[in-house]
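2 protein chains.
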Amino acid sequence: MTAPRSDRSQALVAPVRLSVDCMGGDHGPSITLPACRAFLSKHPDAELVLVGLPEALAPAKDWARVTLVNASEVVSMDDPVEVALRKKKDSSMRVAINQVKATAEQPAFAHACVSAGNTGALMAVARYLLKTVEGIDRPAIASVMPNQLDGYTTVLDLGANVDCTAEHLLQFAVMGSALVSAVDGKENPTVGLLNIGEEVIKGSEVIKKAGELLRTANSRGLINFYGNVEGNDIFKGTSDIVVCDGFVGNVALKTAEGLATMFANFIKQEFTRNIATKMVALVAMPVLNHFKKRVDHRRYNGAALLGLRGLVFKSHGSADAFSFEQALNRAYDAARHRLLDRVHDRIAATLDSLPAQAAQGSEA
Amino acid sequence: MTAPRSDRSQALVAPVRLSVDCMGGDHGPSITLPACRAFLSKHPDAELVLVGLPEALAPAKDWARVTLVNASEVVSMDDPVEVALRKKKDSSMRVAINQVKATAEQPAFAHACVSAGNTGALMAVARYLLKTVEGIDRPAIASVMPNQLDGYTTVLDLGANVDCTAEHLLQFAVMGSALVSAVDGKENPTVGLLNIGEEVIKGSEVIKKAGELLRTANSRGLINFYGNVEGNDIFKGTSDIVVCDGFVGNVALKTAEGLATMFANFIKQEFTRNIATKMVALVAMPVLNHFKKRVDHRRYNGAALLGLRGLVFKSHGSADAFSFEQALNRAYDAARHRLLDRVHDRIAATLDSLPAQAAQGSEA
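Chains as they are written, first to last, in the numbering used here: chain D, -17 to 346; chain V, -17 to 346.
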């Protein structure tokens, strides 16, 4: 039914076709369209399916390698999940996701979908339309944070699942490994389990059990388990991937964002304190800009919704054109390197190798 | 049996006597003794009980307002809890904690204890010797993080309890309020519940139930509940206190430490990249130093172990003399403003006002 693992994972997809929810996010088409145009100019083998209200898409009507698909509704940033799911059935978000849905009759039209729409709605609609991969109880949100090695650390889950079992954490580890192997070309990335100490006896019962499952999966060659890591290891780059439940992951992400914002404000305040410090700022500007570029969160935009039967990437709602383009890049890389097949194959191998109970999870 | 609440909370303790585990931490007496000396010179009404190996305490034998107490053992930074608890019964840590233990026969000799020893051992020994306050199931670790308002946010629990019930979170809120009222003089500090969104429907079942308990406690005037907060609110200063379970709190703390370290390293790297950037660094030094001072974590050293029948403060193990002195200052402020009585009174009021089940908690 499916090609052997080695064949599929080595082949590249070309041309890559992405569907884009052009109406999503705080700014809608005013940032998504310029980002799409910049993306197309840098990826001669890419095609885009632009989804939105007809008048919003008008500027793109003569672009090459573009298909315009109309939608009559828009999911707003504060629409409840129920509205997105049950009321707005012709929303740009939903129509864009539908482009990556494969049926028994025909393959998906696009290889991955990108939206800056609200996370809850996007996850709910994507899950409803696409369903989860066999062996996955719950999809997870994976994103990257910069680290001291001048690379980045992939963290999941970042908020899709507030209560996780040990089995869910194992599934996140397997899916995260597929993501990093696809996007970064590391075939055997290391996985750390987020905990409050390095020792195996640390943490809650769920975390301790997850540690056991991850060690077993490691011994069977399914993942490359590093062991327990702590919050600071995300930025040290101790492991390529950090696995945690969605509550903890979301708190870690928001805490980091909050601290980064405070630091940026403090630096700005110090350099604009008076005429003397402003002159110092002029001199220091090139150095400060170089620093700013290194920690610019816009470079890391584009979270993957993993575990669905279709690739969906989520951009920050407040993304600017540069930032939205990075989300398009991440979706492109993932689609081009067959992330969907990789997740499928890795999860299937895990199901084959680990006891059914462990791999399928329970709703404890 | 006890004085009315208003009388006690207004009275100040003087002189304040602190017991100090001089052997704890990575550096022991080489940093604790200079810190104690500096502290004494700035607090003419304070007395210290210095606990340690006799030879280590020798330099302090002629100091004024000091009592030397010998101990024959030292709990090392990597001693397991069991060793600290059952083997080293004459450790400086244990003897120092014993100074704040009151018995039926006599009051405690010291008002608060400070140690830079390992957290697990300190919590276990303190809990064993002092016992918890009536109505408290589990002690919590509370510390402060700087915020954008140029103040700081008190966060608890930071790692003592990995699995918490809603009732535990309520207890943390009540104890945190007592701490902030004692140390910062805010009689009615705001409490935020750490969550992954502001809406009351967000979070796990435990968090949602904690939200209900906190709203009830607020309506009865027991605490000043702000509502849900997110990780970034810690640094915004949205609420005076942020309450969370120890797993989440520890991850947030370590994540913040990791990001701060990365930022500091990046700034250093940028300013030492070449001869030109080094010259820029010379010019920018005063501004950078001012920034550094504002975010200097050493200023925020000194975590309170709350919920015990005695005040114990924990310094970072790696603290230098300046940093250890801050921990002494925090313990002094807490003792002087009768933190122990405040916790006792607030918890008693909560027990009186809320249903027993809610206030006493369960080991779910």
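Built from N, CA and C at the ideal position, the CB exists for glycine as well.
All values derive from a computational prediction rather than experimental measurement.
Spatial distance of residue i from residue j (CA atoms)
{"i": "residue 347(V)", "j": "residue 179(D)", "result": "Summary: the structure shown does not reach residue 347(V), with chain V confined to residues -17 through 346, and so no result is reported for it."}
{"i": "residue 321(V)", "j": "residue 215(V)", "result": "26 angstroms"}
{"i": "residue 88(V)", "j": "residue 81(V)", "result": "11 angstroms"}
{"i": "residue 255(V)", "j": "residue 5(D)", "result": "43 angstroms"}
{"i": "residue 227(V)", "j": "residue 148(V)", "result": "9 angstroms"}
{"i": "residue 52(D)", "j": "residue 41(D)", "result": "13 angstroms"}
{"i": "residue 58(V)", "j": "residue 68(V)", "result": "14 angstroms"}
{"i": "residue 156(V)", "j": "residue 17(D)", "result": "50 angstroms"}
{"i": "residue 208(V)", "j": "residue 271(D)", "result": "38 angstroms"}
{"i": "residue 134(V)", "j": "residue 144(V)", "result": "24 angstroms"}
{"i": "residue 315(D)", "j": "residue 159(D)", "result": "15 angstroms"}
{"i": "residue -14(V)", "j": "residue 184(V)", "result": "Since pLDDT at residue -14(V) reaches only 42, below the 50 mark, its modelled position is unreliable, and the value read off the structure follows with that caveat. Those two C-alpha atoms are separated by around 40 angstroms."}
{"i": "residue 141(V)", "j": "residue 28(V)", "result": "31 angstroms"}
{"i": "residue 259(V)", "j": "residue 261(D)", "result": "16 angstroms"}
{"i": "residue 219(D)", "j": "residue 39(D)", "result": "41 angstroms"}
{"i": "residue 106(V)", "j": "residue 288(V)", "result": "13 angstroms"}
{"i": "residue 169(V)", "j": "residue 162(V)", "result": "8 angstroms"}
{"i": "residue 70(V)", "j": "residue 164(V)", "result": "33 angstroms"}
{"i": "residue 92(V)", "j": "residue 44(V)", "result": "20 angstroms"}
{"i": "residue 186(V)", "j": "residue 193(V)", "result": "11 angstroms"}
{"i": "residue 32(D)", "j": "residue 326(D)", "result": "27 angstroms"}
{"i": "residue 352(V)", "j": "residue 225(V)", "result": "No statement about residue 352(V) is possible, as the shown extent of chain V runs from -17 to 346 and does not include it."}
{"i": "residue 242(D)", "j": "residue 49(V)", "result": "45 angstroms"}
{"i": "residue 120(D)", "j": "residue 333(D)", "result": "15 angstroms"}
{"i": "residue 253(D)", "j": "residue 247(D)", "result": "10 angstroms"}
Where residue i falls, given that 16 or more other Cβ within 10 Å makes a residue buried
{"i": "residue 264(D)", "result": "exposed"}
{"i": "residue 203(V)", "result": "exposed"}
{"i": "residue 296(D)", "result": "buried"}
{"i": "residue 23(D)", "result": "exposed"}
{"i": "residue 345(D)", "result": "Residue placement at residue 345(D) is poorly supported in this model, since its pLDDT is 41, which falls under 50; the coordinates are not used for a value here."}
{"i": "residue 12(V)", "result": "exposed"}
{"i": "residue 323(D)", "result": "buried"}
{"i": "residue 47(D)", "result": "exposed"}
{"i": "residue 167(D)", "result": "exposed"}
{"i": "residue 85(V)", "result": "exposed"}
{"i": "residue 116(D)", "result": "exposed"}
{"i": "residue 72(D)", "result": "exposed"}
{"i": "residue 249(V)", "result": "buried"}
{"i": "residue 118(D)", "result": "buried"}
{"i": "residue 189(D)", "result": "buried"}
{"i": "residue 36(V)", "result": "exposed"}
{"i": "residue 74(D)", "result": "buried"}
{"i": "residue 54(D)", "result": "exposed"}
{"i": "residue 267(V)", "result": "exposed"}
{"i": "residue 146(V)", "result": "buried"}
{"i": "residue 212(V)", "result": "buried"}
{"i": "residue 97(V)", "result": "buried"}
{"i": "residue -2(D)", "result": "buried"}
{"i": "residue 61(V)", "result": "buried"}
{"i": "residue -11(D)", "result": "Only weak support is given to the placement of residue -11(D): the predicted model assigns it a pLDDT of 48, under 50, and the question is left unresolved by the model."}
{"i": "residue 139(D)", "result": "buried"}
{"i": "residue 275(D)", "result": "exposed"}
{"i": "residue 329(V)", "result": "buried"}
Presumed contact (8 angstroms Cβ cut-off) between residue i and residue j, rounded CB distance
{"i": "residue 78(D)", "j": "residue 2(D)", "result": "6 angstroms"}
{"i": "residue 76(D)", "j": "residue 111(D)", "result": "7 angstroms"}
{"i": "residue 318(D)", "j": "residue -6(D)", "result": "6 angstroms"}
{"i": "residue 308(V)", "j": "residue 283(V)", "result": "5 angstroms"}
{"i": "residue 174(D)", "j": "residue 221(D)", "result": "3 angstroms"}
Beta carbon proximity, residue i to chain A, threshold 8 angstroms
{"i": "residue 249(D)", "result": "The structure shown contains no chain A; its protein chains are D and V."}
At a CB distance below 7 angstroms, what residues from the stretch 292 to 309 of chain D approach chain V? Give them in sequence order. none
The stretch 264 to 277 of chain D: which residues have C-beta closer than 7 angstroms to a C-beta of chain V, in chain order? 265, 266, 269, 272, 273, 276, 277
What alpha helix (DSSP H) runs, 4 residues minimum, are completely inside the stretch 9 to 35 of chain V? 11 to 24
Mind pulling the alpha helix (DSSP H) runs of 4 or more residues that sit fully within the stretch 67 to 136 of chain V? 74 to 80, 101 to 112
Taking Cβ-Cβ distances below 9 angstroms as the criterion, which residues of the stretch 173 to 194 of chain D are in contact with chain V? 176, 177, 178, 179, 184, 185, 186, 187, 188, 189
With 8 angstroms as the C-beta to C-beta threshold (strictly closer), list the residues of the stretch 224 to 246 of chain D near chain V in chain order. 226, 228, 229, 230, 232, 233, 234, 235, 236, 237, 238, 239, 240, 241, 242, 243, 244, 245
Short-range partners of chain D found in the stretch 119 to 147 of chain V, where Cβ spacing is below 8 angstroms: 128, 129, 130, 141, 144, 145
Contact set between the stretch 193 to 214 of chain V and chain D, restricted to residues whose Cβ is under 8 angstroms from the partner: 212, 213, 214
List, from N- to C-terminal side, the alpha helix (DSSP H) runs of 4 residues or more that fit wholly inside the stretch 193 to 245 of chain D. 215 to 218
Please name the residues in the stretch 57 to 69 of chain D whose beta-carbon is closer than 9 angstroms to at least one beta-carbon of chain V, in chain order. none
Which runs of the beta strand (DSSP E) at least 3 residues long sit entirely within the stretch 139 to 180 of chain V? Give them in chain order. 172 to 176
Where the stretch 155 to 171 of chain D meets chain V: residues whose CB sits under 7 angstroms from a CB there: none
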